[in-house]
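Since the structure comes first, as structure tokens, the remarks are kept for the end.
2 protein chains.
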Amino acid sequence: MKKWKRSGRLVDMTHFLKEHPHQLVSLSYFSDRYDSAKSSISEDLTIVKEVFEEQGIGSLLTVAGASGGVKYIPKIQGAEAAELVQNICEKLEDKERLLPGGYLYMMDILGKPQLMKEIGRLFATVFAGQKIDSVMTVAMKGIPLAYAIASHLNVPVSVVRRDHRVTEGSMVSINYVSGSAKRIQTMSLARRSLQEGARVLIVDDFMKAGGTARGMMDLLSEFKAEVVGIGVLVEAEDVEERLVDDYVSIARLADVNNQQKQVKAEPGNIMNKLKMEE
Amino acid sequence: MKKWKRSGRLVDMTHFLKEHPHQLVSLSYFSDRYDSAKSSISEDLTIVKEVFEEQGIGSLLTVAGASGGVKYIPKIQGAEAAELVQNICEKLEDKERLLPGGYLYMMDILGKPQLMKEIGRLFATVFAGQKIDSVMTVAMKGIPLAYAIASHLNVPVSVVRRDHRVTEGSMVSINYVSGSAKRIQTMSLARRSLQEGARVLIVDDFMKAGGTARGMMDLLSEFKAEVVGIGVLVEAEDVEERLVDDYVSIARLADVNNQQKQVKAEPGNIMNKLKMEE
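Each protein sequence line maps, in turn, to chains A and B. Just so you know, our numbering puts the end of the first sequence at 282, numbered straight through with nothing missing. Just so you know, our numbering puts the end of the second sequence at 282, numbered straight through with nothing missing.
Written out as structure tokens, the structure reads:
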């Protein structure tokens with residue numbers, strides 16, 4: 005059996021904790037894993053905790069008692085968060101993404117797994133203090149963000165569909181009015197995809213009037229599930245009547261002008277939510 | 005400025021390398037980051053490398069010379085890979101997932117980000133030695149796996165769609181024959197979603213005759229892109245005529261019997277590919 009030294013333990017422990025966010029790991033587990041005394045493990049964890057907190061990697065919660073241990077909570081620091089939000093705003097202002105009809109091409113942003121991971125960590129920071137059982141999104145552009153957030157929270161993802169596929173089994177469907185186009189549409193979720201009574205975080209890439217988010221909330225009530233929050237990457241400007249009022253956004257479009265080929269974006273409300281969390 | 009000790013550097017370095025897979029990081033970068041001599045950084049990296057390799061976290065390549073540095077390649081070890089593949093097979097054999105028509109419900113597997121990450125690491129191990137610019141999949145069930153793999157390879161994802169949305173800009177479309185149903189269908193990819201000449205890994209959750217994979221290959225040739233490989237989570241049993249022959253699969257359905265409520269799954273060919281890679 006390998007004889008572990010502190011230096012080796014620190015490397016492996018950092019890896020292990022990062023792979024198991026929001027999960028309570030007992031001191032005994034580490035003590036067995038490294039064949040080391042609990043007092044040494046405690047000292048290791050103090051070092052990990054210090055670096056995680058100083059470097060803005062996240063926090064390491066210590067739970068005392070017989071069933072105690074440590075829990076790694078991925079977080080992002082204020083300055084790094086502000087930079088990330090600014091970076092997204094600048095990307096959004098690239099006029100090359102303007103499409104006919106005032107739509108914005110977003111797949112270059114959504115298509116970058118590392119960027120999604122960072123944004124996921126930002127959302128995971130804001131919702132770190134809440135009990136969340138599942139992240140829910142609607143196919144397809146919300147999926148990358150939903151998985152990035154769920155991965156940091158260590159919970160499963162439920163994907164709502166606008167069509168009905170044979171591979172989903174029995175589904176629960178609702179009709180909803182898309183807020184901006186005022187069209188009646190259908191969305192469905194596989195019955196076995198969500199536990200009754202689950203506490204759910206709703207995620208999407210874009211929100212205009214919030215009809216889709218409202219629809220997901222209605223769908224959740226069919227599952228007797230609870231909405232913990234709503235997170236969107238980008239919210240639209242100039243919305244007359246929003247159908248949801250409590251949501252967290254990374255960026256807000258301030259002005260989209262197709263004739264002048266100009267997009268203006270500003271930080272969403274996430275920075276305020278982050279401050280409240282701190 | 006913080007005075008870094010070896011113990012702290014090891015924690016932060018492990019975090020940093022895990023966040024930047026397949027990316028060359030110079031010794032100078034670490035030397036500046038930790039305000040430490042390159043000789044100390046080299047010793048740190050030797051410790052990290054040893055633990056990463058012994059624990060099956062991945063390998064740490066050292067590139068010598070002025071533009072040299074280190075590169076972390078996420079990998080999975082043979083024994084852990086075999087266990088993961090076995091675990092997927094057992095999950096697939098759960099008869100509760102049988103749906104009318106012999107379809108299998110898979111969203112419980114695909115909906116788990118941590119499980120997807122592990123499978124992503126397995127695929128990333130098999131394709132670690134090849135130059136890959138992008139991972140491509142088709143909406144929507146291939147998306148979680150595609151992001152998991154792309155995240156380990158540190159490349160973007162291109163998502164092919166079966167519909168045409170205004171938010172994609174100009175798209176390149178092709179018709180393809182779905183192998184099993186012999187129906188003509190259309191798939192499209194946003195023109196700006198993939199660079200001409202890119203080297204692409206094709207990913208999907210399920211493959212029967214391979215019509216969809218074949219379609220993606222045809223679509224790639226429209227972009228003058230090159231297919232580096234094809235990875236699927238599950239391949240179907242009893243396929244008379246496969247439209248692609250070079251692919252990597254995690255599991256293979258050996259028998260799906262709706263009357264007897266029975267599913268048999270066996271490891272796909274990935275374990276052989278993994279051995280070849282080693």
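Just so you know, even glycine gets a beta-carbon here, dropped at the ideal spot from N, CA and C. A quick note: this is a predicted structure, and the numbers were derived from the prediction, not measured.
- Query: Using a Cβ-Cβ cut-off of 6 Å (strictly less than) and excluding sequence neighbours within five positions of S177 (chain A), which residues of its own chain qualify?
  - Reply: Contacts found: T190, S192.
- Sequence ranges, beta strand (DSSP E) only - wholly within the region 69-141 of chain A, length at least 3: When DSSP assignments are scanned along the region 69-141 of chain A, the uninterrupted stretches of beta strand (DSSP E) that are 3 or more residues long and fall wholly within it turn out to be 73-78.
- For my contact list, I274 (chain A) and V159 (chain A) are in at a C-beta cut-off of 8 Å; report their separation, rounded to the angstrom. By a beta-carbon distance limit of 8 Å, I274 (chain A) does not contact V159 (chain A). Their separation comes to about 20 Å.
- Query: How would you list, in chain order, the residues of chain A whose beta-carbon sits under 7 Å from the beta-carbon of P117 (chain B)?
  - Reply: Y151, A154, S155, V161
- Query: Which bits of chain A does K6 (chain B) rub up against, with CB to CB less than 8 Å?
  - Reply: E58
- Report yes if the C-beta distance between V267 (chain A) and L31 (chain A) is below 8 Å; otherwise report no. no
- Query: Any C-beta of chain B sitting closer than 8 Å to the C-beta of H26 (chain A)?
  - Reply: no
- Message: On the CB-based measure, 16 or more other CB atoms within 10 Å of its CB, does V67 (chain A) come out buried or exposed?
- Response: exposed
- Message: If we define contact as Cβ-Cβ less than 8 Å, is G12 (chain B) a contact residue for chain A?
- Response: Contacts with chain A at 8 Å (Cβ-Cβ) include G12 (chain B).
- Contact set between V15 (chain B) and chain A, taken where Cβ atoms lie within less than 7 Å: L14, T18, I51, V52, V55
- Coil, strand or helix - R195 (chain A) by DSSP: helix
- Query: Helix, strand or coil for Y180 (chain A) per DSSP?
  - Reply: strand
- Query: By a C-beta neighbour count over all protein chains shown, 10 Å radius and 16 as the cutoff for buried, is V170 (chain A) buried or exposed?
  - Reply: Exposed is the call here.
- Tell me whether the beta-carbon of L157 (chain B) lies closer than 8 Å to the beta-carbon of I123 (chain B). Not a contact, by the Cβ cut-off of 8 Å.
- Among the residues of its own chain, which have a CB less than 6 Å from the CB of F34 (chain A), if the five just before and after it don't count? In its chain, beyond the 5 residues on either side, I45 have a beta carbon closer than 6 Å to the beta carbon of F34 (chain A).
- Message: In whole angstroms, give me the CA-to-CA distance for Q118 (chain B) and V161 (chain A).
- Response: 11 Å
- Query: Considering only the beta carbon of each residue, do A217 (chain B) and V238 (chain B) sit closer than 8 Å?
  - Reply: no
- Query: With A152 (chain B) and L198 (chain B) assumed to form a contact (beta carbons below 8 Å), what rounded beta-carbon distance in angstroms separates them?
  - Reply: Between L198 (chain B) and A152 (chain B) the Cβ distance is about 19 Å, and since that is not below 8 Å, they are no contact.
- By DSSP, does M211 (chain A) sit in helix, in strand, or in coil? strand
- Task: Taking Y109 (chain A) as the query, report the chain B residues whose CB atoms sit under 8 Å from its CB, ordered along the chain.
- Result: Result: T171, E172, G173, A194, R196.
- Message: Can you confirm whether the region 241-256 of chain A touches the region 16-26 of chain A when touching is taken to mean that 3 or more C-beta pairs between the two stretches lie within less than 8 Å?
- Response: no
- Message: Is A143 (chain B) close to chain A? Criterion is C-beta to C-beta, closer than 8 Å.
- Response: Yes, A143 (chain B) counts as interfacial toward chain A.
- In chain order, what residues of the same chain have a beta carbon less than 8 Å from the beta carbon of K99 (chain A), not counting five sequence neighbours either side? K265, Q266, V267
- Message: Can you tell me whether I188 (chain A) is buried or exposed? The criterion is at least 16 other CB atoms within 10 Å of its CB, across all chains shown.
- Response: exposed
- How would you label T50 (chain A), buried or exposed, when you count the other beta carbons within 10 angstroms and need 16 or more for buried? The residue is exposed, with fewer than 16 neighbouring Cβ atoms inside 10 Å.
- Message: Within the continuous alpha helix (DSSP H) that includes P148 (chain A), where are the two ends?
- Response: 147-157
- Taking the C-alpha atoms as reference points, what is the distance between G173 (chain A) and L108 (chain B)? A straight line joining the alpha-carbon of G173 (chain A) with that of L108 (chain B) spans about 9 Å.
- Rounded to the nearest angstrom, how far is the Cβ of L88 (chain B) from that of I77 (chain B), given a contact under 8 Å? In fact, because the Cβ distance is near 18 Å, the residues do not count as touching under 8 Å.
- Task: For G272 (chain A), go through chain B and note every residue whose CB falls closer than 8 Å to its CB, in chain order.
- Result: Chain B residues near G272 (chain A): none, gap ~19 Å exceeds 8 Å.
- Query: How many angstroms separate the CA atom of M175 (chain A) from the CA atom of R196 (chain A)?
  - Reply: Each residue's Cα considered, the two are about 8 Å apart.
- Query: Of all the CB atoms in chain A, is at least one closer than 8 Å to the CB of K277 (chain B)?
  - Reply: Chain A contact via Cβ: absent.
- Query: How many Å lie between F227 (chain B) and G73 (chain A) at the Cα?
  - Reply: Those two C-alpha atoms are separated by around 52 Å.
- Task: Would you verify that the beta carbon of P148 (chain B) is, or is not, closer than 8 Å to some beta carbon of chain A?
- Result: yes
- Item | G219 (chain A), DSSP secondary structure in three states | helix
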